[in-house]
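Visitor:
Number of protein chains: 2
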Amino acid sequence: MKKDVNLTVQALQRMPYYLQCLRKVKENGIQIVSATAIANELNLNDVLVRKDISMICTTKGKPKTGFIVDELIENIEDYLGYNNTMDAILVGVGSLGKALLGNSEFNKFGLNIIAAFDIDEDIINQVICGKKVFAIEKLQNLCERMHIHIGIITVPAEFAQEVADKFVNSGIKAIWNFALIKLSVPEDVLVQNENLAASLAVLSQHLRNEMDENK
Amino acid sequence: MKKDVNLTVQALQRMPYYLQCLRKVKENGIQIVSATAIANELNLNDVLVRKDISMICTTKGKPKTGFIVDELIENIEDYLGYNNTMDAILVGVGSLGKALLGNSEFNKFGLNIIAAFDIDEDIINQVICGKKVFAIEKLQNLCERMHIHIGIITVPAEFAQEVADKFVNSGIKAIWNFALIKLSVPEDVLVQNENLAASLAVLSQHLRNEMDENK
DNA sequence: TGGATATCGATATTGTAATACTGATAAAAT
DNA sequence: ATTTTATCAGTATTACAATATCGATATCCA
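Protein chains in written order, with our numbering: chain V, 177 to 391; chain E, 177 to 391.
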C-alpha cells in the first residue's frame with residue numbers, strides 16, 4: 177500500500193539514504209529499528225526522520241522499540257517506484273552519457289535506459305553497454321511508440337534547450353538535465369538539474385577556507 | 177580582487193548558473209546586464225540575484241543600467257577558484273569513475289584529477305583518459321607528496337567509509353562522494369554528496385503525479 | 001507488580017532562505 | 001529642464017524546513 181502524498185524535495189532526497197540504511201540494518205539481521213537509530217546513523221535529527229517516515233509509511237512505530245524494518249523498506253521502495261521500473265531515453269553519448277548508459281546501478285533505483293540518441297554519425301547505430309544509439313531524428317517516433325516519459329540530457333549546454341524541446345514534443349514529462357542551463361519547459365514537465373559544477377563550487381569554497389586558516 | 181566571505185550552499189550553487197548565463201550574454205556582445213535580466217533568464221527572483229552578486233562582487237551596479245558583465249564574470253570565476261585549479265585524486269575506476277576521469281569539462285571548473293586508485297589488479301597500472309591508475313596502497317604517499325586536498329569517491333557504498341578514512345589520513349580536506357552513504361569524517365573535512373538516486377526519486381514522484389492526473 | 005526508560009506522535013518554536021517593500025539614483029523621454 | 005522609468009541597495013516580511021518540547025505508551029528491569 178502506498179500513501180498518495182507529495183513530499184518536499186528535501187524529504188524526498190533523504191529517502192534513498194533511509195533505504196540504503198535500512199537495507200544495511202536488515203542485512204545485519206535486525207528486524208525492528210527506531211527513528212533515533214536511523215537518525216544517528218545518517219547524522220539527522222530523530223524527529224525529522226520520524227516525520228519523514230510518517231509521511232509515506234502506513235506502518236506505525238511502537239514506543240520503546242521502533243518500526244518494522246521490512247515494512248519501512250517496502251513502503252519506501254513503493255513510494256520511490258523502485259518496484260515498477262521507469263523506461264527512459266538518453267541524448268548525448270559523450271563521456272558522461274556513456275557512463276550513465278553503463279551504470280547498471282540505475283536498475284536498482286527503478287530506472288531503465290532503453291536507448292540513446294546522438295547526432296554524431298560515427299556513434300549512431302553502435303551498441304554501447306547493450307543500448308543502441310539512434311539518430312536524433314528518430315527520437316520522437318520511438319518515444320511515442322514506446323510511451324517513454326523520462327529523458328536524460330547529457331549534451332553540451334548550448335544544445336540542451338533544443339533537446340528539451342524535442343522531448344516535450346515527444347511526450348516526455350520528466351527531464352534529468354546534466355547540462356548547466358535552466359531549461360524552459362511547460363508547467364507539467366519537471367526538470368531535475370544535476371549540477372556537478374555546483375558541487376565543485378562547494379568543495380572549492382571549503383578548501384579555500386581551510387587553506388586560509390592554516391596559512 | 178576577491179571578497180573573503182562565505183556564501184550559503186544554495187547561493188554558492190547558483191553561481192555556476194550565473195557564470196554560464198553571463199558568458200552567454202558576453203558572447204552576444206552585451207557589456208552591461210541588469211540583475212533583473214539575469215533573474216528572468218534563470219527563472220529566479222531579481223532581488224535574490226542582486227543579493228548574491230553583492231555578496232561576492234566588488235563591483236557596484238548602476239541604477240537603470242546594471243552591472244558590467246566582464247567584472248561579474250571575473251569576480252565569480254575568482255570566487256569559485258576557476259582560475260587556480262585544484263588537484264584531486266579519484267578512487268574507484270568503475271563506469272562512473274571512468275566517466276569522471278574522462279570528463280574534460282572539469283578543467284573549466286578548476287578541477288584537475290591527476291590520478292586514480294583501485295583495488296582491481298586488472299585496472300592497476302593502466303592509463304585511462306591520460307590518468308594512471310594506482311594500487312590503493314599508494315594513495316597516502318601520493319597525496320602527501322603532491323599536497324592533494326580533494327578526493328573523489330566512486331566506489332560502492334560498502335567500501336566508501338574505508339576510502340574516506342584513508343583520505344582523512346592522507347590530508348584530504350574535501351571529499352566528493354558519489355556513494356549513497358553518509359560518511360563520518362572529522363569536522364574540518366567537507367563531504368559533498370552527489371546523490372543520483374535522490375534525483376531519480378524526484379523524477380519518479382513527478383511522473384507518478386502526472387500519470388495519476390491523466391488516468 | 002511497579003518504576004524507569006526509550007521511543008512515538010503531535011504541537012510549538014526556531015532559524016534561515018526567499019521574497020516583498022521602500023527610498024535613492026542614474027539614464028531616457030518629453 | 002523636468003518628468004518618467006528602470007534599476008540598485010538596504011530593510012522588513014513571509015514562508016517553510018529543521019529542531020525542540022511535551023504528553024502518551026510500550027518494553028525492560030528490579
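C-beta atoms are modelled at their ideal positions from N, C-alpha and C, and glycine is treated no differently.
All of these numbers come straight from a predicted model, not from anything done at the bench.
Beta-carbon of V/Y194 versus every beta-carbon of chain E: anything under 8 Å?
Guide: Residue numbering aside, residue 194 of chain V sits at position 18 when the first sequence is read from its first letter. Interface with chain E (8 Å Cβ-Cβ cutoff): V/Y194 is excluded.
Visitor: Measure the C-alpha to C-alpha separation of E/L372 and E/I324 and round it to an integer number of angstroms.
Guide: Within the second sequence, the letter at position 196 stands for residue 372 of chain E. Within the second sequence, the letter at position 148 stands for residue 324 of chain E. So the two alpha carbons sit approximately 26 Å from each other.
Visitor: Examine chain E for any beta-carbon lying closer than 8 Å to the beta-carbon of V/E250, and answer yes or no.
Guide: What you label residue 250 of chain V is simply residue 74 of the first sequence in a count that begins at 1. No - not a single Cβ of chain E is within 8 Å of the one on V/E250.
Visitor: Should V/E217 go down as buried or exposed, given a rule of 16 or more other Cβ atoms within 10 Å for buried?
Guide: Your numbering for residue 217 of chain V matches position 41 in the first sequence. It counts as buried.
Visitor: Taking 8 Å as the CB-CB cut-off, is V/A292 touching chain E?
Guide: Reading the first sequence from its first residue, position 116 is the one you call residue 292 of chain V. By this cut-off, V/A292 is not an interface position.
Visitor: Would you mind reading off the limits of the alpha helix (DSSP H) that contains V/A336?
Guide: Numbered from its first residue, the first sequence carries residue 336 of chain V at position 160. Here the alpha helix (DSSP H) through V/A336 covers 333-345.
Visitor: State the Cα-Cα distance for the pair E/D388 and E/Q381, rounded to the nearest angstrom.
Guide: Taking the first residue of the second sequence as 1, we reach residue 388 of chain E at position 212. Taking the first residue of the second sequence as 1, we reach residue 381 of chain E at position 205. Going from the Cα of E/D388 to the Cα of E/Q381 covers about 11 Å.
Visitor: For V/I328, which three-state DSSP category applies?
Guide: Here residue 328 of chain V corresponds to residue number 152 of the first sequence, with the count starting at 1. Strand at V/I328.
Visitor: CB V/I357 to CB V/A374, shorter than 8 Å?
Guide: Against the first sequence, residue 357 of chain V aligns to sequence position 181. Against the first sequence, residue 374 of chain V aligns to sequence position 198. No. Outside cutoff.
Visitor: Between the alpha carbons of V/A311 and E/T261, how many angstroms are there, rounded?
Guide: Locating residue 311 of chain V in the first sequence gives position 135, counting from the first residue. Locating residue 261 of chain E in the second sequence gives position 85, counting from the first residue. For V/A311 and E/T261, the distance between alpha carbons rounds to 37 Å.
Visitor: Identify whether E/D388 lies in helix, strand or coil by the three-state DSSP scheme.
Guide: The sequence position of residue 388 of chain E within the second sequence is 212, counting from 1. In the structure shown, E/D388 adopts helical secondary structure according to DSSP, grouped into three states.
Visitor: According to DSSP, E/I289 sits in a beta bridge with which residue or residues?
Guide: In the second sequence, counting from the first residue as 1, residue 289 of chain E sits at position 113. Its beta-bridge partners are E/A264.
Visitor: V/L266 CB to nearest chain E CB: under 8 Å?
Guide: For the purposes of this step, residue 266 of chain V is identified with residue 90 of the first sequence, where counting begins at 1. No - not a single Cβ of chain E is within 8 Å of the one on V/L266.
Visitor: Do E/F285 and E/V309 come within 8 Å of each other at the CB atom, strictly closer than that value?
Guide: Working through the second sequence from its first residue, we reach residue 309 of chain E at position 133. Working through the second sequence from its first residue, we reach residue 285 of chain E at position 109. No. Outside cutoff.
Visitor: If you drop the 5 nearest sequence neighbours on each side, which residues of the same chain put their C-beta closer than 8 Å to that of E/E320?
Guide: The residue you call residue 320 of chain E lines up with position 144 of the second sequence. Hits under 8 Å: S346, G347.
Visitor: Could you tell me whether any Cβ in chain V is nearer than 8 Å to the Cβ of E/H382?
Guide: To locate residue 382 of chain E, count along the second sequence from 1; it is residue 206. For E/H382, the answer is yes, since a Cβ of chain V falls inside 8 Å of its Cβ.
Visitor: If the cut is a Cβ gap below 9 Å, which residues of chain E does V/V339 touch?
Guide: As a position in the first sequence, residue 339 of chain V is number 163, starting the count at 1. Within chain E, no residue comes near V/V339; the closest Cβ sits about 16 Å away, beyond 9 Å.
Visitor: Between E/I299, E/D263, E/N317, E/V269, which lies nearest to E/F282 when the distance is taken from Cα to Cα?
Guide: One-based indexing of the second sequence puts residue 282 of chain E at position 106. Comparing Cα-Cα distances from E/F282 to each of E/I299, E/D263, E/N317, E/V269, the minimum goes to E/D263.
Visitor: Thinking just about the alpha-carbon of each residue, which of V/E203, V/N204, V/C197 is nearest to the one in V/A211?
Guide: Taking the first residue of the first sequence as 1, we reach residue 211 of chain V at position 35. Checked all of V/E203, V/N204, V/C197; the closest Cα to V/A211 is V/C197.
Visitor: Is E/L366 helix, strand or coil by DSSP?
Guide: Looking up residue 366 of chain E in the second sequence gives position 190. E/L366: strand per DSSP, three-state reduction.
Visitor: In terms of residue numbering, what span does the alpha helix (DSSP H) encompassing E/I229 cover?
Guide: On the second sequence, residue 229 of chain E is found 53 positions in, with the first residue counted as 1. Here the alpha helix (DSSP H) through E/I229 covers 222-232.
Visitor: Does the Cβ of E/P239 have 16 or more other Cβ atoms within 10 Å, making it buried, or fewer, making it exposed?
Guide: Taking the second sequence and counting its residues from 1, one reaches residue 239 of chain E at position 63. By the neighbour-count rule (16 or more Cβ atoms within 10 Å), E/P239 is not buried but exposed.
Visitor: Expressed to the nearest angstrom, what Euclidean distance is found between the alpha-carbon atoms of E/L248 and E/V225?
Guide: For the purposes of this step, residue 248 of chain E is identified with residue 72 of the second sequence, where counting begins at 1. For the purposes of this step, residue 225 of chain E is identified with residue 49 of the second sequence, where counting begins at 1. About 12 Å.
Visitor: Over the uninterrupted beta strand (DSSP E) stretch that includes E/N353, give me the two end residues.
Guide: Here residue 353 of chain E corresponds to residue number 177 of the second sequence, with the count starting at 1. Where E/N353 is concerned, the enclosing beta strand (DSSP E) stretches over 350-353.
Visitor: Name the chain E residues whose beta carbon is nearer than 8 Å to that of V/K349?
Guide: Indexing the first sequence from 1 puts residue 349 of chain V at position 173. Per Cβ cutoff of 8 Å: H382, L383, E386.
Visitor: Residue range of the alpha helix (DSSP H) that V/K202 falls in?
Guide: As a working note, residue 202 of chain V is residue 26 in the first sequence. Where V/K202 is concerned, the enclosing alpha helix (DSSP H) stretches over 185-203.
Visitor: In three-state terms, what does DSSP make of V/G237?
Guide: Indexing the first sequence from 1 puts residue 237 of chain V at position 61. Looking at V/G237 - three-state DSSP - the assignment turns out to be coil, as it is neither helix nor strand.
Visitor: Report the residue from E/R199, E/Q302, E/Y255 whose alpha carbon sits nearest the alpha carbon of E/M231.
Guide: Here residue 231 of chain E corresponds to residue number 55 of the second sequence, with the count starting at 1. Measuring from the Cα of E/M231, the nearest candidate turns out to be E/Y255.
Visitor: Three-state secondary structure (DSSP) at E/V209?
Guide: On the second sequence, position 33 is the one that residue 209 of chain E refers to. Here E/V209 sits in strand by DSSP.
Visitor: Helix or strand or just coil, what does DSSP make of E/K284?
Guide: On the second sequence, position 108 is the one that residue 284 of chain E refers to. The three-state secondary structure of E/K284, taken from DSSP, is helix.
Visitor: I want to verify the contact list: residues of chain E whose CB lies under 9 Å from the CB of V/E370, in sequence order.
Guide: By one-based count along the first sequence, residue 370 of chain V stands at place 194. Below the 9 Å Cβ cutoff, chain E contributes E370, L372, S375 as neighbours of V/E370, in chain order.
Visitor: One question on the structure: do E/M191 and V/A333 come within less than 8 Å of each other, judged by their Cβ atoms?
Guide: Locating residue 191 of chain E in the second sequence gives position 15, where the first residue counts as 1. Locating residue 333 of chain V in the first sequence gives position 157, where the first residue counts as 1. No, they are not a contact pair.
Visitor: Please report whether the beta-carbon of E/F285 lies at a distance below 8 Å from any beta-carbon of chain V.
Guide: Against the second sequence, residue 285 of chain E aligns to sequence position 109. Answer yes: the Cβ-Cβ gap between E/F285 and chain V drops below 8 Å somewhere.
Visitor: Taking 8 Å as the threshold (C-beta atoms), are V/I244 and V/I208 in contact?
Guide: Taking the first sequence and counting its residues from 1, one reaches residue 208 of chain V at position 32. Taking the first sequence and counting its residues from 1, one reaches residue 244 of chain V at position 68. Contact flag set, yes.
Visitor: Kindly indicate which residue of E/I304, E/N221, E/I300 has the alpha-carbon position closest to the one of E/L315.
Guide: To locate residue 315 of chain E, count along the second sequence from 1; it is residue 139. The residue with the shortest Cα to Cα distance from E/L315 is E/I300.
Visitor: So V/V339 and V/V361 are in contact, right, with Cβ under 8 Å, and what is the actual spacing, rounded?
Guide: Stepping through the first sequence from its first residue, residue 339 of chain V is reached at position 163. Stepping through the first sequence from its first residue, residue 361 of chain V is reached at position 185. That belief does not hold up - the Cβ atoms of V/V339 and V/V361 are roughly 11 Å apart, past 8 Å.
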